[in-house]
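Here is the structure we will look at, set down as structure tokens.
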Amino acid sequence: MRQAGRYLPEYRDIRGDRDILETIRIPDEAVEITLQPLRRMPLDAAILFSDIVVPLVAIGIPFRIEAGRGPVLDEPFRSRRHVARLRPLEPEVDEPYTLEAVRALADELDVPLLGFAGAPFTLASYLVEGGPSRDHARTKALMFADPLTWEALMGALVDVVVPHLRAQVGAGASALQVFDPWVGALAPAHYRAYVLPHMRRLFEGIADLTVPVIHFGVGTSELLELMRDAGGAAIGIDHRTPLDRAWERLGHATAIQGNLDPAVLLAPWEVVEREALDVLDRAGGRAGHVFNLGHGVLPDTPVENLQRLVDLVHARSERDG
Ligand code: CP3
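Heads up: the sequence shown begins at 26 in our numbering, then just goes up one per residue.
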């Protein structure tokens with residue numbers, strides 16, 4: 026997840042001062058940035074260089090991404106009138122650059138390429154808040170106070186996300202990840218009432234695709250079973266839930282992705298090694314564990330720690346067969 030980024034000098038070089046969304050629209054650059062982490066370390070998969078707001082920008086929602094902040098929208102969604110601005114995505118017409126980059130990468134890579142999308146709740150939060158938010162208060166206020174508009178908003182977002190995911194697989198992506206980092210803001214009863222039906226429809230919309238789908242959230246230890254019931258071959262967890270406990274709750278028929286705390290990588294190697302071994306021990310060498318960080322790579326992460334981490338995880342999984 027978020028393999029590219031400011032921890033690589035070659036990424037900073039190619040990005041320059043250009044708007045990140047502009048860079049994403051240039052397929053050659055998106056391809057190059059996707060490949061950069063793989064030139065540094067033998068990762069088992071690549072993730073497309075794009076962003077969760079790309080399909081929304083593609084249908085005319087004027088997000089920009091502010092460095093150090095994230096996606097920002099000057100006129101946030103507060104009413105039915107705003108929701109009417111969303112329309113179903115037509116990937117070939119609206120975002121040909123995404124498909125061009127995926128096709129080129131599928132050709133070039135000898136590891137699987139992950140396509141991805143933001144989940145409706147997380148996208149709704151950026152639309153309603155107009156930017157990053159700590160408490161998602163306006164988003165939840167809309168959800169609780171105006172459930173009909175909320176239903177319309179979430180439904181319209183599913184109609185953007187499903188074609189976006191399907192088109193990436195059509196262009197050659199061999200796995201998908203659905204990112205819902207902000208859904209941990211909800212109580213289980215509210216996830217069940219206001220989010221789960223839309224997640225079900227999302228997963229039903231891609232159920233005929235033969236690729237595995239990872240369903241990722243942050244702060245979701247009380248939502249794990251509901252997320253599993255919504256869909257996904259694997260559930261992605263952050264570092265707050267011990268991996269063995271999360272896996273027990275999910276049941277071992279579901280694969281799990283996670284969950285080293287990304288901040289650990291800022292410490293000396295001995296600490297990284299100890300913490301990574303703890304994650305691996307909790308996974309117990311079982312099939313169906315996708316080792317990953319609990320969230321994105323932090324900008325100041327030393328590349329050497331990441332390289333040694335990849336080697337450590339590979340050595341362990343060879344030993345465990
Ligand atoms: O590694 C990759 O490049 C994969 C592509 C990818 C990006 N963003 C590129 C990106 C993926 C999978 C994402 C997902 C994403 N984007 C999420 C969900 C996953 C998660 O980690 O929670 C969210 C919430 C966003 C929205 C977003 N875009 C944020 C919060 C930021 C950071 C803003 C900042 O400067 O702190 C972005 C910008 C962004 N998207 C960067 C990258 C590599 C940062 C680097 C840059 O601005 O050049």
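Note that CB positions come from ideal geometry on N, CA and C, so glycine has one too.
So, with DSSP's three-state summary, where would you put residue i?
| i | result |
| --- | --- |
| Met-26 | With a pLDDT of 43 at Met-26, under the threshold of 50, the predicted position of this residue should be treated as unreliable, and no value is reported. |
| Ala-271 | helix |
| Ala-92 | coil |
| Ala-258 | coil |
| Phe-241 | strand |
| Asp-205 | strand |
| Ala-280 | strand |
| Val-236 | coil |
| Val-97 | strand |
| Thr-266 | coil |
| Ser-104 | coil |
| Glu-125 | helix |
| Arg-159 | coil |
| Leu-190 | helix |
| Pro-62 | helix |
| Glu-54 | helix |
| Glu-247 | coil |
| Ala-177 | helix |
| Leu-195 | As written in the sequence, residue 195 is Gly, which differs from the Leu given in the question. Helix, per DSSP. |
| Thr-164 | helix |
| Asp-42 | coil |
| Ala-308 | helix |
| Val-183 | helix |
| Asp-336 | helix |
| Ala-210 | helix |
| Pro-293 | coil |
| Thr-326 | coil |
| Asp-76 | coil |
| Ile-86 | coil |
| Asp-132 | helix |
| Val-153 | helix |
| Tyr-18 | As displayed, the chain neither begins before 26 nor continues past 346, which places residue 18 out of reach and without an answer. |
| Ile-49 | helix |
| Ala-301 | helix |
| Arg-110 | coil |
| Asp-171 | coil |
| Glu-115 | coil |
| Asp-229 | One point to set straight first is that residue 229 is Glu, not Asp, in the sequence displayed. Helix. |
| Arg-344 | helix |
| Val-36 | One point to set straight first is that residue 36 is Tyr, not Val, in the sequence displayed. Of the three classes helix, strand and coil, the one that applies to Tyr-36 here is helix, per DSSP. |
| Arg-358 | Here the chain comprises residues numbered 26 to 346, so residue 358 is not present and cannot be evaluated. |
Can you tell me the Cβ-Cβ gap for residue i and residue j, rounded? I've got them flagged as a contact below 8 Å.
| i | j | result |
| --- | --- | --- |
| Gly-242 | Leu-248 | 7 Å |
| Asp-269 | Arg-307 | 4 Å |
| Phe-20 | Ile-49 | The displayed coordinates of the chain run from 26 to 346. Any statement about residue 20 would go beyond what the structure contains. |
| Leu-98 | Asp-76 | Not really, about 13 Å apart at Cβ, beyond 8 Å. |
| Glu-71 | Val-136 | It should be pointed out that residue 71 corresponds to Ala in this sequence rather than to Glu. At roughly 6 Å, the Cβ-Cβ gap stays under 8 Å, so Ala-71 and Val-136 are in contact. |
| Val-187 | His-240 | About 14 Å; that fails the 8 Å criterion. |
| Ala-198 | Gly-140 | 3 Å |
| Val-238 | Leu-33 | That belief does not hold up - the Cβ atoms of Val-238 and Leu-33 are roughly 27 Å apart, past 8 Å. |
| Pro-80 | Leu-152 | Between Leu-152 and Pro-80 the Cβ distance is about 12 Å, and since that is not below 8 Å, they are no contact. |
| Gly-256 | Met-224 | 6 Å |
| Ala-196 | Leu-124 | 4 Å |
| Leu-305 | Arg-341 | 5 Å |
| Leu-331 | Met-168 | At roughly 38 Å, the Cβ-Cβ gap does not stay under 8 Å, so Leu-331 and Met-168 are not in contact. |
With which residues is residue i paired in a DSSP beta bridge?
| i | result |
| --- | --- |
| Leu-138 | Ala-71 |
| Leu-285 | Leu-318 |
| Ala-200 | Leu-139 |
- [ ] Would you check if there are 3 or more beta carbon pairs closer than 8 Å linking the region 74-88 to the region 158-169?
- [x] no
- [ ] Check whether the region 285-298 touches the region 219-233, taking contact to mean three or more Cβ pairs, one atom from each stretch, closer than 8 Å.
- [x] no
Open item on the list: With a threshold of 8 Å, are at least 3 pairs of Cβ atoms found where one atom belongs to the region 97-111 and the other to the region 49-61?
Closed with: no
TODO: Tell me, please, whether the region 35-42 touches the region 111-118 by the rule of three or more beta-carbon pairs shorter than 8 Å.
DONE: no
Task: Three or more C-beta pairs below 8 Å linking the region 170-184 and the region 212-227 - done: yes
Task: Stretch pair the region 124-131 + the region 180-190: three plus CB contacts closer than 8 Å - done: no
TODO: Check whether the region 134-150 touches the region 204-212, counting contact only when three or more Cβ pairs, one atom from each stretch, lie closer than 8 Å.
DONE: yes
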